[in-house]
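Going by the working numbering, the residue at position 199 of the sequence shown is 182; the numbering climbs one at a time, nothing skipped.
Each residue gets a CB set at the ideal place from its N, CA and C atoms; glycine is no exception.
Quantities reported herein were computed from a predicted structural model and do not represent experimental measurements.
Everything below concerns the one structure shown next.
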Amino acid sequence: MDIPDWSRARLRRALDALPPRKRDCARDLLERAHRHAMAVLNTAGAASQANHDLGVAALGQAALDPVAEAEIRSSLHHVPFVANDGAIWGVGLYRQLDVGWITSLIAWMIYSDRIYAPFPANPQTIRIPNKTTIALLGDWGGGPASLAGRRVGRAVERLKPDYTIHLGDVYYFGGLLARERLNLVDIWPGAPGTSFALNSNHEMYAGAQGYFKIALNPRRRTPFTAQQGSSYFALENDAWILVGLDSAYFSDWCELSMVGRLDEGQLAFLDELASKGKQMVVFSHHEGLVLNGTGTTPLWAQVAPLLPRGGYWYWGHAHAGIVYTPQPGAAQGAQIHGRCVGHGCIPQGRPWGLDALRSGPNPTVAWFEETPVEHSRGRVSNGFALLTLEDHRLTEQFFDEDGNQTYSASNSTASEPRIESSVR
């Protein structure tokens, strides 16, 4: 783990330039991140609720504090290993101790929330056929350097879905104009006019400048022109309404934009659409459930009450493919089917901490991606999901990075229990 001198210097300058309150926030977060990283390193990944974003922020503390750096270095004899959340603690590209993540922290401090791109509030509602297919890729923006991500993209192209949606995250910080173009726009596997992209924490680290000015700019030739510059939208047919939300723009800067939050305008948009009484699907970058499914997030508290009939909810953020057991919604009898589709490109291992949650009297996890990749030192396959809508029926499929189906399930309505499923 060799931290370049220029990274240390730029991070220090960025920290010192912050206003006092934000400087205190940043210091507190980096110190918490270091404590978290040491707990994970000293237990070889068994620390409770290992957290990728908090873990990589520890690299910032190591870059600024020689004592913290020495403590991490003294624990490196444990690496590489796979933590309980599936994160690979190693030093390769996009792994947990990749020093490239420090550039995310530099951008996060430089941009903070003082120079965010403007937030357009002009959501589009787009009519889609009653029979259609939609591919979901989460946390896919690793660019040409991510070989697994490129395999995922090619697998999506072979399926020829009618629509494609990115659930957010372009690395290391996608808000930068050139990075957004190189790692997302120029290599996106979907077609112009039928592709959509959500905002995320990594886009916000550069103030979402690249996201709004490049990916969503309606005056540029990008795949995402259907959104007309808005980071939230809806797709609607006779039976279904699918709503894409921006859970990142209004998230807390002091928490590294890791906790999703919606503004009143998006909540009103979702409420109005749900009042039509159709079956609902929600897309967001941030999660509604904690990784192991045993608890809900603040974003869940905002979204669930607006889904009186329940529905499906697909998110990214965590770099895993997970199908959760149905969770009770806000209304009596309503069920929300949560899914994590965040395994688009970041190298991940098997999230062994979920094993106990798949069995027992109250399982919270129905399935997770664990297909091993040969000769990869513990990596499991990246992948994506495909939704097929046919009148009132929704079929969901998960695929690995080579296009092999690993999970499938169908429901007659979003509020009823799963009626058929198959797991490879």
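- With contacts defined as CB atoms closer than 8 Å, G276 and T308 qualify as a contacting pair.
- Comparing alpha carbon positions, the residue from D235, W223 and N67 closest to R97 is D235.
- Less than 8 Å divides the Cβ of W123 from the Cβ of C328.
- Cα atoms of H326 and Y215: separation of roughly 22 Å, rounded to the nearest angstrom.
- Per DSSP, E186 is one residue of the alpha helix (DSSP H) stretching across N184 to M187.
- The Cβ atoms of L150 and W283 do not sit closer than 8 Å to each other.
- Around F102, the same chain offers Y232 as residues with beta carbons nearer than 7 Å, after the five sequence neighbours per side are excluded.
- A distance below 6 Å between beta-carbons, with the five flanking residues on each side excluded, links H268 to the following residues of its chain, in chain order: L150, G151, L181, S183, S230, A231, G299 and H300.
- Following the DSSP letters along the chain, one finds R322 inside the beta strand (DSSP E) bounded by residues Q318 to V324.
- In terms of Cα proximity to D383, the closest of A138, T205 and I89 is A138.
- In the pairwise beta carbon analysis, the segment 69 to 89 is classified as touching the segment 33 to 53: at least three pairs are separated by under 8 Å.
- Here DSSP, grouped into helix, strand and coil, assigns Y77 to coil.
- Taken in chain order, the complete alpha helix (DSSP H) segments of 4 or more residues contained in the segment 121 to 205 are 130 to 142, 160 to 166 and 184 to 187.
- Counted as a single uninterrupted DSSP element, the alpha helix (DSSP H) harbouring Y94 occupies residues I85 to Y94.
- Under the three-state reduction of DSSP, E379 is assigned to strand.
- Between the C-alpha atoms of A251 and A128 there is a straight-line separation of about 40 Å.
- When DSSP states are grouped into helix, strand and coil, I109 belongs to the strand group.
- Collapsing the DSSP output to three states places K114 in a strand.
- DSSP places G294 outside any alpha helix (DSSP H); the residue lies instead in the beta strand (DSSP E), whose first and last residues are G294 to W298.
- Cβ-Cβ distances below 6 Å link C8 to C237 in the same chain, with the five nearest sequence neighbours on each side left out; the list follows chain order.
- Short of 7 Å from the beta carbon of L256, and not among the five residues preceding or following it, lie these beta carbons of its own chain, in chain order: A217, I224 and V226.
- In chain order, N113 and A222 place their CB closer than 6 Å to the CB of D374, counting only its own chain and leaving out the 5 sequence neighbours on each side.
- Comparing alpha carbon positions, the residue from V23, A16 and Y154 closest to H60 is V23.
- Secondary structure at Q315: coil, using DSSP grouped into helix, strand and coil.
- Of F381, H358, L372 and S359, the smallest CA-CA separation from G366 is found for F381.
- Nearest to N67 by alpha-carbon distance, out of I111, V306 and L340, is L340.
- Ranked by Cα distance from R360, the options L369, V74, L272 and I93 are led by V74.
- Per DSSP, reduced to three states, the secondary structure at E373 is strand.
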